[in-house]
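The structure under discussion appears below in the form of structure tokens.
2 protein chains.
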Amino acid sequence: MATIYDIAKRANVSAMTVSRVINNTGRVSEKTRTKVKKVMEEMHYIPNSVARCLVTQESKILSLLITDITNPFFTTMARGAEDAAMRHGYRLMFGNSDESFAKEKDYVEMILSMRVDGVLFSPSGDRSREHLEWLTRQNVPFVLLDREVPGVECDAVLGDSRIGAQQVVREMIRCGHRRIALVNGSQDVSTARERQAGYTDALQEAGIQYNDQLVMETSYLGEHGPLSLAHWMDLAPGQRPTAIFAANNMLALSVLKAVREMGLRVPEDLSLACFDDFGWAEEANPFFSVASQPAYEFGEKGIQLLLERIKNQDVPPRRIVLPCSVHMRQSVGQLQPVQ
Amino acid sequence: MATIYDIAKRANVSAMTVSRVINNTGRVSEKTRTKVKKVMEEMHYIPNSVARCLVTQESKILSLLITDITNPFFTTMARGAEDAAMRHGYRLMFGNSDESFAKEKDYVEMILSMRVDGVLFSPSGDRSREHLEWLTRQNVPFVLLDREVPGVECDAVLGDSRIGAQQVVREMIRCGHRRIALVNGSQDVSTARERQAGYTDALQEAGIQYNDQLVMETSYLGEHGPLSLAHWMDLAPGQRPTAIFAANNMLALSVLKAVREMGLRVPEDLSLACFDDFGWAEEANPFFSVASQPAYEFGEKGIQLLLERIKNQDVPPRRIVLPCSVHMRQSVGQLQPVQ
DNA sequence: TATCGTTGAGTTAACGGTAACATTTCCATT
DNA sequence: AATGGAAATGTTACCGTTAACTCAACGATA
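Heads up: the protein sequence lines correspond to chains P and Z, in order. So the first sequence is numbered by UniProt numbering: it starts at 1 and just counts up by one. So the second sequence is numbered by UniProt numbering: it starts at 1 and just counts up by one.
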């Protein structure tokens, strides 16, 4: 591959002059400039950003670490982040931790060793604190997305999980449901805790006794085999839940699958609602009742905060909380008074 | 950030010895090794892969360029590629061209300037040839995924678009449909041409006259506003299509949305089938009739070919064609003989 | 005409590693 | 005790670029 020296030799100038032409810095006569440019074209020259990064100490690359690349919430977020980064002359590198602390660690190491300029970070859980402290120590700016980590003071773009969950569950109660089960993500994740709190809030305000038999904790990935709902559905009719609230979209799909495999229908036999929507799937064929978050904006605002942080490390941490909107659809049915 | 020299000084050795410890190359006494390792721990040292890349001329990074990051076919492919790359000690950088030649160009420039070791490339269309020639000229190995580019001889992992399309359309014909419309991607993309050919094959073998009024060409993204189907649905009952074959999943969603907005139902008023499935969405709530491709394998095999290509530039190009499987589901209905 | 400031271009030394070669250390052997 | 050779460690140069400094040429001014 051609280097700046190859260009310099062919153009009868020094390498420095070529560098000046490339970066539009310093003074170069028009004549020299055109000549250098012509030679660059001829030789199909492409600057080596690795070498450039080594000397300038900036890569113009940001990193986005998400926990599930098959989840439309995160891919939409990725789009928002990508578009915003591009607009500001930055590139975005994606990483996918699969909700795994170990994979996340791998990515953090890569991020550090690649000397990216900043990171948008969706932590896999509270243990991610360790990784964030690593970033802090190495002076790599970051912004948390979607999830908080206790004990880490930093910029963050979050959703209002508690209110959103409360609203959805409230709507289910309004439809006559009183035995509502919760299929939650790991308690190690801030949004899972918040959503459970919102769920409890809604029960409380309706005077419904909280019953921890109706709460299940699993992984947000929702892919570790079909969920077993037997322990709920085998209960006596008067004790069996009539509705399930899933703490995210992937869990709702697992629930739906399990329900279908038991030969039951949604919403006729069981109502179902969840946090986060399904992007294109929902748009074309609305079915799920959801608390929908503005995923694209998460990414956009995240980049915005990150770039400001990169520019100025000293401003106090900022927290942006984006509201969610509740859409009640076909998956939640009105409960017959008889039942 | 600590450098190899900082470590060397603290450990009373030369930088080279530190390098040897890091890379497990050359001979280092056990005593020195433990000491150096201890100092590295203490100083939270992380190797600078930028500097390393500059001297070794390899980055251990591969790039995956896809055309639609919200399409489950591509995200699943990404997963397959990521897992395979990881297994072989490589990292994967994702890029998303949004089916746009211009965005693709940006990414190719980045790829070249970052000196990645190889590229998995889903071309946005035939014009991508220009970008591939660029890669070739700069000696960056690549493998095409999902789509071919005329005039470019190289490794590729492809699906059998023609056969798949033929099979699906054949099934629709078996259900009694004879006026089947095609909503296709851009003719600039190899799979769109293949799928159209398969569609035509199926019509031909059933003795149905091809009618180019029933063929529409748009973008695979399927997001440029809701598709207008009025010109078809406003036809006289005896001319109106009774079924639509969409050339990919995103187009099928656009069609479904448009159909719903016209107040029509699938499959009662119109049958619908497509190429590619919907990952989790379909799994939990099977609805669409599809020709499903093994997306994960596309990524896996792609990485495999790419790594072999990197190791040996001289082997002749290889083409892997993965079969697809047809699943006829609810979205295609049996046509009443009356109609 | 001597002087000075401006413009255009070149030189040198980093950035943080590693390859290749050079040197020292140390132990076994005679 | 001298010697040889392997093992352990060090030195130097370079990867491709840019920052900081230096230098030459030239026209304007006193």
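In this text, a Cβ means the ideal position worked out from N, Cα and C, and glycines have one as well.
Beta-carbon neighbours of residue i, restricted to chain P and to distances below 8 angstroms
i	result
Cys53(Z)	Val50
Glu109(Z)	Ile46
Arg129(Z)	Simply none; closest approach about 16 angstroms.
Residue i (DSSP reduced to helix, strand or coil)
i	result
Gln339(P)	The pLDDT assigned to Gln339(P) is 43, lower than 50, so where the model puts this residue is not dependable, and the model offers no usable value.
Met216(P)	strand
Arg10(P)	helix
Leu62(P)	strand
Ile244(Z)	strand
Ile310(P)	helix
Leu54(Z)	helix
Ser100(P)	coil
Val18(P)	helix
Leu112(Z)	helix
Phe278(P)	coil
His44(P)	coil
Gln304(P)	helix
Glu153(P)	coil
Asn211(Z)	coil
Asp126(Z)	helix
Under 7 angstroms by beta carbon: chain P residues contacting residue i
i	result
Gln334(Z)	Per Cβ cutoff of 7 angstroms: no residues; Gln334(Z) is ~21 angstroms from chain P at best.
Leu112(Z)	Ile46
Arg115(Z)	Asn48 and Val50
Start and end residues, beta strand (DSSP E) containing residue i
i	result
His327(P)	Ser325 to His327
Arg319(P)	Arg319 to Leu322
Ala181(Z)	Ile180 to Asn184
Gly95(P)	Arg91 to Asn96
residue 346(P)	It is not possible to answer for residue 346(P), since the shown part of chain P is limited to 1 through 339.
Ser271(Z)	Ser271 to Phe275
Phe121(P)	Gly118 to Phe121
Gly159(Z)	Ala156 to Gly159
Val143(Z)	Phe142 to Leu145
Buried or exposed by the 16-neighbour rule on C-beta atoms within 10 Å, applied to residue i
i	result
Lys31(P)	exposed
Glu282(P)	buried
Leu264(P)	exposed
Lys38(P)	exposed
Pro317(Z)	exposed
Gln339(Z)	Residue confidence is low: Gln339(Z) scores 43 on pLDDT, short of 50, so the model does not pin down where it sits. Its coordinate-derived value is still stated next. Gln339(Z) comes out exposed.
Asp314(P)	exposed
Ser124(P)	buried
Ser29(Z)	exposed
Met16(P)	exposed
Thr242(Z)	buried
Ser325(P)	exposed
Asn24(Z)	exposed
Val157(Z)	buried
Arg79(P)	buried
Ala181(P)	buried
Gln166(Z)	buried
Proximal chain Z residues relative to residue i, where beta-carbon distance stays under 8 angstroms
i	result
Ala281(P)	Leu253, Phe278 and Ala281
Gln138(P)	Met1, His44 and Ile46
Chain-ordered neighbours of residue i on chain Z, where CB pairs are closer than 7 angstroms
i	result
Leu256(P)	Ala284 and Asn285
Chain-ordered chain P contacts of residue i [CB-CB under 9 angstroms]
i	result
Met250(Z)	Trp280
Any non-hydrogen atom of the ligand SAH closer than 7 angstroms to residue i Cβ
i	result
Tyr45(P)	For the structure depicted, the ligand SAH is absent and the ligand set is empty, with no information on it obtainable.
N-terminal and C-terminal residue of the alpha helix (DSSP H) that residue i is part of
i	result
Phe74(Z)	Pro72 to Arg87
Leu255(Z)	Before going on, a small fix: residue 255(Z) reads as Val here, not Leu. Residues Asn249 to Glu261.
Gln196(Z)	Ser190 to Glu205
Thr136(P)	Arg129 to Arg137
Ala230(P)	Ala230 to Met233
With 9 angstroms as the limit, tell me which residues of the stretch 58 to 84 of chain P have their beta carbon closer than that to any beta carbon of chain Z; keep them in chain order.
Ser59, Ile61, Ile69, Thr70, Asn71, Pro72, Thr75, Thr76, Ala78, Arg79 and Glu82
Return the residues of the stretch 88 to 101 of chain Z that lie within a Cβ-Cβ distance of less than 7 angstroms from chain P, sorted by chain order.
Arg91, Met93, Phe94 and Asn96
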